Every structure is written in structure tokens, then in C-alpha cells.
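Asks: So the protein sequences, as listed, match chains Z and B.
If you count by this note's numbering, then the first sequence holds residues 1 to 177, one letter each, in order.
If you count by this note's numbering, then the second sequence holds residues 178 to 542, one letter each, in order.
Structure provided below as C-alpha cells; questions to follow.
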Amino acid sequence: MNPKPIQTEKKLKELMNKYYSQLCVVSVQYTDSLEISEDIVQDVFVRFWEENKLLSVETNPKAYLFRSIRNASIDYIRKNNYRVFTDIEEANLISEEEISEEELSLQYERLYRMIGQLSQQERAVLNAIVVENKRYKEVAEEMNISVNTVKTYFARALRTLRKELPLSILLILLSPK
Amino acid sequence: MLTAEIIELLNKYRHHSISHTEFEQLGSWIKESDENKRLLNLYIKYYKVVERWDTYQHTDATVAFNNVKERRRLKARRFIIRRVSVVAACLLLLIVGTTCLYYYGNRSSSITPYSRLEKTVLLTNANGKQQVLKNGGELICDTTVNKDAPIQYNTIKTQPGGNFKLILPDHSVVWLNSNTTFRYPTKFVKERRVELTGEAFFDVAHNGLVFMVNAAGNNIKVMGTQFNISAYPMRNMTATLVRGKVKVSNQISNKVLTPGQQAVISSSSAAISIREVNTAIYTSWIIGVFDFNDEPLQNIMEQLSEWYNMDVVYEPESLCNIHFTGSLYRDKSLDYSLDIVQDVSDVCFLKYNGKIVVRKKGKMY
Numbered sequence: 001m002n003p004k005p006i007q008t009e010k011k012l013k014e015l016m017n018k019y020y021s022q023l024c025v026v027s028v029q030y031t032d033s034l035e036i037s038e039d040i041v042q043d044v045f046v047r048f049w050e051e052n053k054l055l056s057v058e059t060n061p062k063a064y065l066f067r068s069i070r071n072a073s074i075d076y077i078r079k080n081n082y083r084v085f086t087d088i089e090e091a092n093l094i095s096e097e098e099i100s101e102e103e104l105s106l107q108y109e110r111l112y113r114m115i116g117q118l119s120q121q122e123r124a125v126l127n128a129i130v131v132e133n134k135r136y137k138e139v140a141e142e143m144n145i146s147v148n149t150v151k152t153y154f155a156r157a158l159r160t161l162r163k164e165l166p167l168s169i170l171l172i173l174l175s176p177k
Numbered sequence: 178m179l180t181a182e183i184i185e186l187l188n189k190y191r192h193h194s195i196s197h198t199e200f201e202q203l204g205s206w207i208k209e210s211d212e213n214k215r216l217l218n219l220y221i222k223y224y225k226v227v228e229r230w231d232t233y234q235h236t237d238a239t240v241a242f243n244n245v246k247e248r249r250r251l252k253a254r255r256f257i258i259r260r261v262s263v264v265a266a267c268l269l270l271l272i273v274g275t276t277c278l279y280y281y282g283n284r285s286s287s288i289t290p291y292s293r294l295e296k297t298v299l300l301t302n303a304n305g306k307q308q309v310l311k312n313g314g315e316l317i318c319d320t321t322v323n324k325d326a327p328i329q330y331n332t333i334k335t336q337p338g339g340n341f342k343l344i345l346p347d348h349s350v351v352w353l354n355s356n357t358t359f360r361y362p363t364k365f366v367k368e369r370r371v372e373l374t375g376e377a378f379f380d381v382a383h384n385g386l387v388f389m390v391n392a393a394g395n396n397i398k399v400m401g402t403q404f405n406i407s408a409y410p411m412r413n414m415t416a417t418l419v420r421g422k423v424k425v426s427n428q429i430s431n432k433v434l435t436p437g438q439q440a441v442i443s444s445s446s447a448a449i450s451i452r453e454v455n456t457a458i459y460t461s462w463i464i465g466v467f468d469f470n471d472e473p474l475q476n477i478m479e480q481l482s483e484w485y486n487m488d489v490v491y492e493p494e495s496l497c498n499i500h501f502t503g504s505l506y507r508d509k510s511l512d513y514s515l516d517i518v519q520d521v522s523d524v525c526f527l528k529y530n531g532k533i534v535v536r537k538k539g540k541m542y
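Dropping the structure here:
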């Protein structure tokens, strides 16, 4: 028996309210882009709506959804020929159970605590020089400070970092999204 | 060791813009030492932590559900349109030999003294051949253009008060507003680049190729998203983002917009400034509604004069600065719209010599 359209809409809305963010998190681990992942997840919902799928999978729509999103995301990176080190990438995926607000924010905070020792200026200088590839002079003009101050901030930031954690990690936190 | 070069490769890896050669370079770098491999692993591990938290925080199920609803509706419509046009395509291709085909919806047009019934939309193809399309209609680009054929450019022009909907070869949808010229290639290779003078709303399909709009010397770069661009000559250009992410740039600077933001590019200085707006006000024209919130009368009349092709005179000039909030509907007559404004304000409208004269109520001339 075909479900009524209004039922489908209600059910989909309910499922999206419950799982949408988590599904996007699953997907972003593959695509590394919030926009693309939202597109992928929404596409899957559009498809399910058209095919009236989720209502017929009565037993466990959650598992089915997560599986579909994972497949769609892998499909996407294959189709677009993303070059990835599969073994390293896979080792850094987290499972559905770990995707909760609590867990995600905890991991994030832990990371930020590590760079908490940098002052805001040090971070800004580091970002401008390392990530944006700017010259000392440009940075000095932009921040309205002297070239020597820029050099001092930069040196101090590097010193702090070398003690604590590899530069690579910092670059991620600083680099533009 | 992390060199500047490796850092750049890592950045490219993360954003999936790494080339084959660069990827191999990075591959041999991690084979050099266990330390390098550890660094890469940490790099990947930590940016995943950042993006997961970012994604969790910045996704909104309600917005997404509305999007899904709209996308499903559009898809269902496109499907019907496509079926209709299969037959039309064969006929038209035989007769006109053009690369585009069109379909016109049964949009009802109300008859009013000031709506221009003879409005048309003009399509000019690369050979200069012209085709007249119905105003308010829709055109679906042929996706079967031979891959080896050279890229050709078509131009579509709407008249003052006109509008038109175009579906590009990549299934992106473009709504063209009044008095607008839009130039686009008959197929997209490597990148999707189009040119705009006037106003258009874009619903760009995601296909991995960059989509670029050139408008009045400014570039708007996107992947897949919904946004509105208003770029009329002699006026400030605006780019309003509804969904996704766009980058607005010109020779002076560049800015990235997030949903709900509008970039205003000054027509005199080309400086880009960003403000938060209610996007509905800037995009509702595609469904024939002009929503405005605390807008000066001048802007409202500008929209009306575009729809109905009328000039507006203010007596005195200062009246153009009175602010209004409300909605106007394109399929209603001009008189209907003016009556609404007149009812709730101190101004009245007179028609004189094909112009609308705005005056203060109660003043006799």
C-alpha cells in the first residue's frame, strides 16, 4: 500500500530533524566541504521522498539513512576523482555512535586548548605569514604595527608551537575554511 | 620536515585541489620517514575534528527540510518540462536550427493599462541569428550539443518589465528579471562562466565545476548554491546569498558571503561592503512578488517602473525618501499597487503624460 503524501512529508521532516546534522557530519568526513555534504544529504532525502523509501523500510530507517549517506559520499569522491590516502583517511573516520554534540565539541575543545597559549596577535601574524603567504611588510601595514613587531610575534608563535605540537596542526586551525 | 612547499601541498590536499603530480609528490614525502607520515596523519585527524564540529554546528534541519521540499518540487516540474520539450525539440531543431528550445508556462497575465502586452524576450545565438521568445516563459538549453563542437555563446535579453527563466546545460536554473542581458555558452567545459547585466537569481547545480558570474566587472564564484545578483548600469551592484557559499571579487578586493549576507559593490569606488539582510526581500521577485521592509519609496518605485515601464517624478524630490514596508504583486495592475501605497501613506499618485507623479496628499496644484 502506498503511503499518503502527507505522511511521507511528516515522516521525512521528523527524520531530518533528528538526524540531519549527524548525517552531514558523516558525509563531511569524506568530502571535507560543508556545502557539498549538505547537498549530498539533501539529495538523498529528495530521492527518498520521490521513491517513498523510508516508509517502507520500517524496521530501522536510521541505519538505512546512515548507510545511504556513506555510500553517496563515497560515490561523490570517486566520481570527482578526489585523490586521498585511503588508509589514513579511513583511520580518522569516527563512527555514528561518536557523533553527538557532546563528543564533537569535546574533541574540538581539546584541540583548541593546545593553541590557547598563543595570543590573538601571534595567531593573526602566523596566519597571515604561513597560511596567506604574506610578507612581513604587508602584515605590518594591515595590522598597523611595525615590521619588527611582526617578526617578534612570528618568532614567539613558532617557539611556542615547536614546544607543544607540530606546526601542521596549527595550520589547519588557522587556515581559511 | 615540513617545508613551505609541503604545507601548500597539504592545504591543497585538504581542499581537494591537489593535482596528480602534486599528490605523488606528497606520497613520496610521507614515504621518506615515519615522522612525515605521523604529521600527515595528525593533519588529517585534526582538520576532521574541526570540520565535524563545524558541520554539526552550522547545519539547520529546518532550513534543509525546506530546501528538500523546494528541490523536490523543482525536480518534479523539470521532469514534466523535459518530457514536453522532447517533442518540441525535434520540431524546433528542424525549423530553426537553433541550439535552444523553449517552453512557455500558462502564466496568466492580467490586462492593465500599463502592463506591456507586447513584451518579448530575444535570444541571439553565436551566428547572430535571433529568435523571439515569450515573455515570462522558460527555455531549456539543449544538453546534447556535440562534445567536440566549439563553444558558442548565446545572449538572452528581457525588456523593461519582462522576465524569463532559463535552464542551463548543467541544469542550473537562472531567473532573469526586467531589462536584463544574460550571455552563456551552449555547453560547459572545465568551468561554467556566464555574464550578466541587470538582475538574475541563480540556483546553481553542483557538478564539481566552478560557476562564475561576471557582472559589471565583478566576479562571483560559486560551486553550487542559490543567490541573487542585481547589476544594473549606474547603480550599486548587490549579490545576495540564500544558500551555500559565494566569493565576490573585483580588482579592488574580494569577500566571501555566508547565507543571509549581501555584498554591496559601489558603482563609483568598486568597494565591497557586506551586510546582513532578509534575503526574501531580494529574491521574491522570481515569483512575481516584491517584498520590502523599511525601503525608501524611491526603491519601490524603481521596481514598479521596471515592471510597468513607467517613469516616476517626485514633487517635491524629498518624497522619494519616505520608507515603507509591505509587498507588491507583479500580476496585479499598476493601479492596484499604487492604491495600496496611497492608502497607507501621505503620498498620492497622479498619471500625467505617461509618467507617474508623486505628490503629498491634500496639496492642490
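Yeah, the Cβ is synthetic: ideal placement off N, Cα and C, and Gly gets one too.
Predicted model only: the values in this text are computed from it and were never measured.
If you draw a straight line from the alpha carbon of B:A408 to that of B:N455, how long is it in whole angstroms?
Replies: Computed Cα separation, rounded: 19 Å.
Asks: Once the 5 residues before and after B:Q403 are set aside, which same chain residues still bring their CB inside 6 Å of it?
Replies: Only D380, V419 and R420 meet the Cβ criterion.
Asks: What does B:K528 pair with, by DSSP beta-bridge criteria?
Replies: Answer by DSSP bridge pairing, in chain order: B:I533.
Asks: Identify whether Z:D32 lies in helix, strand or coil by the three-state DSSP scheme.
Replies: Z:D32: coil per DSSP, three-state reduction.
Asks: For the beta strand (DSSP E) holding B:F200, just list the boundary residues, first then last.
Replies: From DSSP, B:F200 is part of no beta strand (DSSP E) but of the alpha helix (DSSP H) over H197 to E209.
Asks: Would you mind listing the alpha helix (DSSP H) stretches within the stretch 351-381 of chain B that are 4+ residues and don't spill past its ends, in chain order?
Replies: Listed in chain order, there is nothing to give.
Asks: Rounding to the nearest angstrom, what Cα-Cα distance links B:S504 and B:M487 in this structure?
Replies: One C-alpha to the other measures close to 19 Å.
Asks: Going by alpha carbons, who is nearest to B:I464 out of B:L353, B:D516, B:N427 and B:F242?
Replies: Nearest option by C-alpha distance: B:L353.
Asks: List, in order along the chain, the chain B residues whose C-beta lies closer than 8 Å to that of Z:Q107?
Replies: Within chain B, the residues near Z:Q107 are V226, R229 and W230.
Asks: Closer than 7 Å between beta carbons: that is the criterion. Which residues of the stretch 208-227 of chain B meet it against chain Z?
Replies: Flagged, chain order: L216, L217, N218, L219, Y220, I221, K222, Y223, Y224, K225, V226 and V227.
Asks: Can you tell me the Cα-Cα spacing of B:F359 and B:T335, whole angstroms?
Replies: Whole-angstrom Cα-Cα distance: 9 Å.
Asks: With DSSP as the reference, label B:Q234 as helix, strand or coil.
Replies: Looking at B:Q234 - three-state DSSP - the assignment turns out to be helix.
Asks: Using a cut-off of 7 Å between C-beta atoms, extract the partners of B:I195 located in chain Z.
Replies: R83, listed in chain order.
Asks: In angstroms, rounded to a whole number, what distance separates the CA positions of Z:I16 and B:A392?
Replies: Looking at the sequence shown, residue 16 of chain Z is not Ile but Met. In a straight line, the C-alpha of Z:M16 is about 37 Å away from that of B:A392.
Asks: How about Z:M255: is its C-beta nearer than 8 Å to some C-beta of chain B?
Replies: As displayed, chain Z neither begins before 1 nor continues past 177, which places residue 255 of chain Z out of reach and without an answer.
Asks: Just the chain Z side, please: which residues come within less than 8 Å of B:T402 by C-beta, in chain order?
Replies: Ordered by position in chain Z, the residues that pass the 8 Å Cβ test against B:T402 are E35.
Asks: Any contact between the stretch 316-331 of chain B and the stretch 339-349 of chain B? By contact I mean 3 or more CB pairs, one from each, below 8 Å.
Replies: Yes, the stretch 316-331 of chain B touches the stretch 339-349 of chain B.
Asks: Looking at Z:V26 and Z:E96, is the spacing between their C-beta atoms short of 8 Å?
Replies: Yes, the Cβ-Cβ distance between Z:E96 and Z:V26 is below 8 Å.
Asks: Out of B:A326, B:Y220 and B:S355, which has the shortest C-alpha to C-alpha gap to B:K364?
Replies: Comparing Cα-Cα distances from B:K364 to each of B:A326, B:Y220 and B:S355, the minimum goes to B:A326.
Asks: Looking at C-alpha atoms only, which residue of Z:F45, Z:I77, Z:P61 and Z:L65 is the closest neighbour of Z:S33?
Replies: Nearest option by C-alpha distance: Z:I77.
Asks: Please list the terminal residues of the continuous beta strand (DSSP E) segment that includes Z:S100.
Replies: Z:S100 -> no beta strand (DSSP E), and no H or E assigned at all.
Asks: If you run the structure through DSSP and keep just helix, strand and coil, what is B:T320?
Replies: Looking at B:T320 - three-state DSSP - the assignment turns out to be coil, as it is neither helix nor strand.
Asks: For Z:F154, which three-state DSSP category applies?
Replies: Looking at Z:F154 - three-state DSSP - the assignment turns out to be helix.
Asks: Please say whether B:N427 and B:G394 have beta carbons closer to each other than 8 Å?
Replies: Yes.
Asks: Would you say Z:L179 faces chain B, with C-beta separation under 8 Å as the test?
Replies: What the structure shows of chain Z is the stretch from 1 to 177, and residue 179 of chain Z is not part of that stretch, so it cannot be assessed.
Asks: Of all the beta strand (DSSP E) runs that stay within the bounds of the stretch 431-519 of chain B, which reach a length of 3 or more residues?
Replies: Counting whole runs of 3 or more residues, the stretch 431-519 of chain B contains the beta strand (DSSP E) stretches 431-434, 438-442, 449-453, 466-473, 488-492 and 500-506.
Asks: Does any CB atom of chain B fall closer than 8 Å to the CB of Z:L158?
Replies: No, Z:L158 does not count as interfacial toward chain B.
Asks: Alpha carbon to alpha carbon, how far is B:S444 from B:N413? Give it in angstroms, no decimals.
Replies: Those two C-alpha atoms are separated by around 5 Å.
Asks: What residues from chain B crowd round Z:F45, counting only those whose CB sits closer than 7 Å?
Replies: By Cβ distance, chain B contributes V245.
Asks: What is the residue span of the alpha helix (DSSP H) that Z:S69 lies within?
Replies: The sequence shown places Ile at residue 69 of chain Z, not Ser. P61 to K79 is the span of the alpha helix (DSSP H), which, as asked, contains Z:I69.
Asks: For my contact list, B:L300 and B:N331 are in at a C-beta cut-off of 8 Å; report their separation, rounded to the angstrom.
Replies: That pair is a contact at about 6 Å.
Asks: By a C-beta neighbour count over all protein chains shown, 10 Å radius and 16 as the cutoff for buried, is B:I429 buried or exposed?
Replies: B:I429 comes out exposed.
Asks: So which of B:V441, B:A440 and B:K424 has the shortest CA-CA distance to B:V433?
Replies: Among B:V441, B:A440 and B:K424, the Cα nearest to that of B:V433 belongs to B:K424.
Asks: When DSSP labels each residue in this structure, what does B:M400 get in the three-state scheme?
Replies: Of the three classes helix, strand and coil, the one that applies to B:M400 here is coil, per DSSP.
Asks: When the distance is taken between beta carbons, is B:R191 closer than 8 Å to B:Y224?
Replies: Result yes, Cβ atoms of B:Y224 and B:R191 sit closer than 8 Å.
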